[in-house]
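Numbering (this note's numbering), first residue to last: 169 to 905.
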């Protein structure tokens, strides 16, 4: 019997991470544990640790490339080599051995269902030199139910070969451009200057925004507001342009003097019933933007938190999606998903959502779902007490948006009043809420509308056309045009997703080339791009805003013009998408990128521009003696050696999670040893020892979380069993009867 079992053919299942591998093994009943795998009667489940294989470093193409020299560039190998990553080499050998076993007849790719997940698996298979039939597990959640259903409908691996070609083309393009441009700039200027196909255009957008703000010249505008005796406020509006602003004070004052305090005649009372559906479901970028806006989370923080909710807790679907819609096959699962999140604060909301399970085109649209649908809850029950603070906040966003789209629209009646005062038009607006609809989910009983056309909505008195109103006063108003705001991580993500909205003079050309959409990077890579800009000291945080550093400005001055263009990079992303759809040959794209890398290197070599360190400190490097650079990273300030080959760096200050007692902002810890001191931007300063003493005092005055939990547990138990005193009183009462 045992020998017959050994002769049975088996299938190797390759997951992306150990946690997912264990989940799949459990579902497939693979209970025999080996070193880096689980085995059952039919399946052997193993895993990667993210990537096990990557592109080789330049030195793999010749000893001369161990040193960075301008004369050795451009580096354009005929074919890029793949190498096993050293720290995960043992697991790669295990995976290779399992795939090469004679009893293994088939491989199932069960890595993340996306472009990068496909690359993880295909590179492993290619490097292992295994040529066996491939099937693909394509699921949007890792619950037991999703895994079972996924294995019942495994797809042919050939369906995803174009996706792999797209992923490989992206990786090769980034290597060719990144390696050559970075080495050329660094060697030319003997400074650590990092640039790339996506990160440099992103940096250019940040620089452009700062330039717009710097060059912005505020323009004063003027207006008028009439106040009627019944409390109605009417705003002046130009009869032709409908603009409520006058950019000439003289013209406004002339109108004001002509009008005096004449009476107003109501010329129109128009009532319009309107409805607004809930905002669309989240894709990754929209969720990262909102988490940044509400909680100050970085794009990387939000993604890692989502990944935990997806992989570990299994309560949300696949995070790296670019769709905000559901596919029609998900509709039948909505009831179970609502039931799964019907806990705690969502009980009543979920019960109401179950009554409206007829999502329309604004929620379900197969044409707007490519690889994955929007981020929504799974059918797996959630245990809120097992979630961390960050997980709880991100889950709350996902659940509320999911429940909101199930609700009816928010309905209201908008009233627009137009009145004539001395031949000039004045307008007032107001609204009456008819049905809260989805706003019940967010607790918005009354919504403050955005000010449109400079007219604030108000509670309107009863008015009829032809009615005359006595005017108490016509008051002058004025304001100033405002510059655009500096980027936050949230708004930068939006700009990367759709650069056409943020490109100023290039906007028309960009839309002509790409249409209204066409982004920098993908939903899966944008967070890493932003982090890389911080880590390279090209950008820095200023409160919640992002600013370009002096190093970043100089880098943009040194790189070739095309490498800064969001239009060109977005166009490349479209070509990668075309490769994934089988509409463009991978070799043609890579050939274009090789030519581009060569042109970039030549332009850098011929450039006469220079780089100057303007952040030199007075301190010298203990290793090489050169003066250290003062740099401001995302997590604090550092001293870094200016010689790139030295590599010395030392932390000077760290942004901590400790809060200022004055303004509640995060404190910065500076210095070393007993001389350490906490510093805040508001001016508060506190020695480390004094801070520790203050925290100890505060701790003594607080009740611990465990004590609170035990107290609540006791209260619940008393409620369930009945209060002892009450029990005794009732017992006596019954005895009397």
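Note that beta-carbon positions come from the ideal geometry of N, C-alpha and C, so glycine has one too.
- Residue 624 and residue 440 have their C-alpha atoms spaced approximately 17 Å apart.
- Membership of residue 389 in the beta strand (DSSP E) is indicated by the continuous run 388-396.
- Between residue 178 and residue 271, the CB-CB gap stays under 8 Å.
- Taking a contact to require three or more Cβ pairs closer than 8 Å, the region 280-293 and the region 687-699 qualify as touching.
- Note: residue 580 is bridge-paired with 442 and 601 in the DSSP secondary-structure output.
- Ranked by Cα distance from residue 423, the first of 444, 393 and 448 is 393.
- Note: residue 215 is bridge-paired with 183 in the DSSP secondary-structure output.
- The distance from the Cβ of residue 339 to that of residue 279 is about 15 Å, inconsistent with a contact at the 8 Å cut-off.
- When secondary structure is reduced to three states using DSSP, residue 297 falls in the coil class, being assigned neither helix nor strand.
- Within the region 690-720, the runs of alpha helix (DSSP H) at least 4 residues long that lie entirely inside it are, in chain order, 694-703.
- In the three-state reduction of the DSSP assignment, residue 435 falls in the strand class, which pools E and B.
- In this structure, DSSP gives residue 412 a state outside helix and strand, which the three-state scheme calls coil.
- Three or more Cβ pairs closer than 8 Å define a contact, and the region 559-577 meets that threshold against the region 457-465.
- Rounded to whole angstroms, the separation of the alpha carbons of residue 402 and residue 445 is 30 Å.
- Straight across, the Cα-Cα distance linking residue 726 with residue 475 is about 38 Å.
- Assignment of residue 451 by DSSP, reduced to helix, strand and coil, places it in the coil class.
- When Cβ pairs closer than 8 Å are counted between the two stretches, the region 246-261 is seen to touch the region 210-223, the count reaching three or more.
- Assignment of residue 260 by DSSP, reduced to helix, strand and coil, places it in the helix class.
- Contact between residue 530 and residue 495 is ruled out by a C-beta separation of about 14 Å, above the 8 Å threshold.
- In this chain, the alpha helix (DSSP H) harbouring residue 369 covers 367-383.
- Per the C-alpha coordinates, the member of 482, 595, 350 and 660 positioned closest to residue 242 is 350.
- Counting C-beta pairs with one atom in each stretch, the region 321-340 and the region 656-665 have fewer than three that are closer than 8 Å, which means they do not touch.
- Just measuring C-alpha positions, the residue of 309, 198, 472 and 458 sitting nearest residue 208 is 198.
- According to DSSP, residue 637 shares a beta bridge with 432.
- In this structure, residue 598 lies away from residue 577, with their beta-carbon atoms at least 8 Å apart.
- The straight-line gap separating the alpha-carbon atoms of residue 415 and residue 438 is approximately 29 Å.
- Apart from sequence neighbours up to five positions away, the residues of its chain that approach residue 855 with a beta-carbon distance below 6 Å are 845, ordered along the chain.
- In this structure residue 687 is in contact with residue 664, their Cβ atoms being roughly 6 Å apart against a cut-off of 8 Å.
- Residues 806 and 808 of the same chain have their beta carbon placed closer than 6 Å to that of residue 817, with the five preceding and five following residues left out of the count.
- The three-state reading of DSSP puts residue 355 in helix, counting H, G and I together.
- Rounded to the nearest angstrom, the Cβ distance from residue 429 to residue 596 is 17 Å, too far for a contact under 8 Å.
- The C-alpha of residue 491 lies about 5 Å from the C-alpha of residue 451.
- Per the DSSP secondary-structure output, residue 404 pairs in a beta bridge with 594.
- Taken atom to atom, the span from the alpha-carbon of residue 477 to that of residue 237 is near 46 Å.
- Secondary structure of residue 644 (DSSP, three-state): strand.
- Around residue 651, the same chain offers 381 and 384 as residues with beta carbons nearer than 6 Å, after the five sequence neighbours per side are excluded.
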